[in-house]
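Report on one structure; see the data block that follows.
There are 2 protein chains.
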Amino acid sequence: MNDTRGAKERIAFLRSLRAVRSFRPEPVPEGVVNDMLEVARWTGSASNRQPWTLVIIREREILRALARMEGYAKHLAGAALGIVPVMDGEREEQEIYDEGRLCERIMLAAHAHGVGSSVGWFVGSGVDEVKEMLGVPPQRRVRSAISLGYPDETSRRRRMGQARKPLAEIVREERYG
Amino acid sequence: MNDTRGAKERIAFLRSLRAVRSFRPEPVPEGVVNDMLEVARWTGSASNRQPWTLVIIREREILRALARMEGYAKHLAGAALGIVPVMDGEREEQEIYDEGRLCERIMLAAHAHGVGSSVGWFVGSGVDEVKEMLGVPPQRRVRSAISLGYPDETSRRRRMGQARKPLAEIVREERYG
């Protein structure tokens with residue numbers, strides 16, 4: 029594959045990730061999960077601290093329980109696999125940013141194999157309930173979860189547009205204002 | 029290209045991103061910058077709010093001034109291009125996470141073209157100084173910057189290993205503890 033064609037394919041791949049919230053029931057193969065975890069492992073972080081542990085959840089009852097907790101993670105109920113990043117809880121601002129980097133990579137690695145994903149978010153009492161259910165010590169931080177599975181193409185949400193702002197609206201040269 | 033080979037190439041691509049802090053002087057071509065911005069534009073965000081504006085900086089004097097501000101962004105001084113995400117400043121935790129997702133995508137899009145990158149971070153008085161220099165209104169948030177350029181392969185830092193924790197240390201099944 030020549031380099032220009034390779035670059036074009038990689039850009040098309042990066043551009044094409046979209047949130048998927050409805051999943052088919054079949055499991056995500058172990059080889060795919062391993063690729064996701066390896067990509068996660070190599071994600072960059074502030075001072076290379078890698079301030080994360082990933083809890084992998086396949087049990088339907090746990091996924092359903094997490095989906096009911098306060099927040100925006102209902103799609104976990106139907107996911108074939110959930111991943112909850114548990115963050116070390118040391119430098120909050122950098123860790124949240126690193127958590128975003130990590131989750132983006134995991135979702136891209138899933139997408140590389142045709143596996144869909146979306147981000148869930150816990151708020152209020154949901155955070156402590158998730159920590160208790162997963163046995164996470166108090167000093168560690170939990171705020172997001174990733175739902176994963178093969179996309180249910182018949183789902184209405186899957187077919188809905190996910191529009192984006194035009195570049196002219198989000199890009200400035202040299203100065204913001 | 030068959031699908032298994034495609035997936036393998038995409039995973040290898042995602043795994044291979046490493047921080048680059050020393051750059052060759054030549055500019056990043058406009059086509060590459062456009063690809064990075066398009067990939068950025070399609071990044072997912074909480075409630076699809078896209079709470080960002082990207083300030084693109086090519087002027088050497090501005091890059092050098094930013095590199096001197098309080099924080100960890102010295103590598104901007106030698107970058108061919110800098111990008112400073114200006115965040116809307118509305119829902120802090122989700123915005124920091126979204127900023128991490130956005131920056132990871134931009135760095136991967138650069139990497140798709142062989143362009144290196146690393147994250148810079150502003151703290152203390154650095155944050156307000158960056159905002160003043162770039163004309164960012166008080167209610168908006170600035171915390172990170174991305175340095176971009178073709179890697180200087182002769183640099184010692186480029187050749188240094190960037191080790192990662194083994195999977196066994198960062199992965200748990202079903203429960204954290």
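So the sequences go chain by chain: G and U.
Just add 28 to the spot in the first sequence (first one is 1) and you have my numbering.
Just add 28 to the spot in the second sequence (first one is 1) and you have my numbering.
Think of the CB as a built atom: it goes at the ideal place given N, C-alpha and C, for glycine as much as any other residue.
Computed from a prediction, not measured in an experiment: that's the story for all the values here.
Alpha carbon to alpha carbon, what distance is there between residue j and residue i?
{"i": "E216/U", "j": "D180/U", "result": "Residue 216/U lies beyond the range of chain U shown here (29 to 205); nothing can be said about it."}
{"i": "G72/G", "j": "S44/U", "result": "11 Å"}
{"i": "L195/G", "j": "G142/U", "result": "23 Å"}
{"i": "S75/U", "j": "T182/U", "result": "44 Å"}
{"i": "T32/G", "j": "W70/U", "result": "21 Å"}
{"i": "V164/G", "j": "V112/G", "result": "11 Å"}
{"i": "K193/U", "j": "P57/U", "result": "35 Å"}
{"i": "L42/U", "j": "E132/G", "result": "11 Å"}
{"i": "A101/U", "j": "V61/U", "result": "20 Å"}
{"i": "E89/U", "j": "K36/G", "result": "32 Å"}
{"i": "D63/G", "j": "G34/U", "result": "13 Å"}
Among the options, which residue has its Cα nearest to the Cα of residue i?
{"i": "R147/G", "options": "I198/G, E118/G, R46/G and Y204/G", "result": "Here residue 147/G is Val; the residue named in the question, Arg, does not match the sequence. The shortest Cα separation from V147/G among I198/G, E118/G, R46/G and Y204/G belongs to R46/G."}
{"i": "M161/U", "options": "G205/G, Y178/G and R171/G", "result": "G205/G"}
{"i": "R49/U", "options": "V112/U, H103/U and K36/U", "result": "H103/U"}
{"i": "E197/U", "options": "A68/G, A35/G, E132/G and F41/G", "result": "A68/G"}
{"i": "W149/G", "options": "A35/U, F150/U, W149/U and E121/U", "result": "E121/U"}
{"i": "G144/G", "options": "Y125/G, D63/G and Y178/G", "result": "Y178/G"}
{"i": "V151/G", "options": "E123/G, R203/G and R96/G", "result": "R96/G"}
{"i": "I174/U", "options": "R203/U, L91/U and Y125/U", "result": "L91/U"}
Are the CB atoms of residue j and residue i within a distance shorter than 8 Å?
{"i": "A138/G", "j": "L176/G", "result": "yes"}
{"i": "I134/U", "j": "G110/U", "result": "no"}
{"i": "V199/G", "j": "L65/U", "result": "yes"}
{"i": "G117/G", "j": "Q78/G", "result": "no"}
{"i": "A140/U", "j": "R119/G", "result": "no"}
{"i": "G128/U", "j": "E201/G", "result": "no"}
{"i": "L130/U", "j": "W80/U", "result": "yes"}
Considering only residues of the same chain and omitting the five flanking positions on each side of residue i, which have a CB-CB separation below 7 Å?
{"i": "S153/G", "result": "E98"}
{"i": "R187/U", "result": "Only weak support is given to the placement of R187/U: the predicted model assigns it a pLDDT of 49, under 50, and the value that follows is read from those uncertain coordinates. Closer than 7 Å at the Cβ level, and outside the excluded window around R187/U, lies no residue."}
Go through its chain and collect everything with a Cβ distance to residue i's Cβ below 8 Å, but skip five positions before and after it.
{"i": "P55/U", "result": "R86, A108 and L109"}
{"i": "A93/G", "result": "M161"}
Would the C-beta of residue i count as close to the ligand MG, meaning under 7 Å from any of its heavy atoms?
{"i": "L65/U", "result": "What this structure holds is no ligand at all, so the ligand MG is not there to describe."}
Excluding sequence positions up to five away, which residues of its chain have a Cβ less than 6 Å from the Cβ of residue i?
{"i": "E190/G", "result": "The displayed chain sequence assigns Gln, not Glu, to residue 190/G. Cβ neighbours of Q190/G beyond the five flanking positions: R46."}
{"i": "G106/G", "result": "F51"}
{"i": "M29/U", "result": "The pLDDT assigned to M29/U is 48, lower than 50, so where the model puts this residue is not dependable; a value taken from the coordinates is nonetheless given after this. Nothing listed; no residue qualifies."}
{"i": "D156/U", "result": "none"}
**OP:** Closer than 8 Å, Cβ to Cβ, to anything on chain G: give me those residues from the segment 77 to 90 of chain U, in chain order.
**Re:** The residues in question are Q78, W80, T81, L82, V83, I84, I85, R86, E87 and I90.
**OP:** Note down, in chain order, all residues in the segment 35 to 57 of chain G with a beta-carbon under 9 Å from any beta-carbon belonging to chain U.
**Re:** Listed by position, the residues of the segment 35 to 57 of chain G near chain U (Cβ gap below 9 Å) are A35, K36, E37, R38, I39, F41, L42, R43, S44, L45, R46 and A47.
**OP:** Check each residue of the segment 164 to 193 of chain G: if its Cβ is closer than 8 Å to any Cβ of chain U, include it; give the result in chain order.
**Re:** Those would be V164, P165, R168, R171, S172, Q190, A191, R192 and K193, in chain order.
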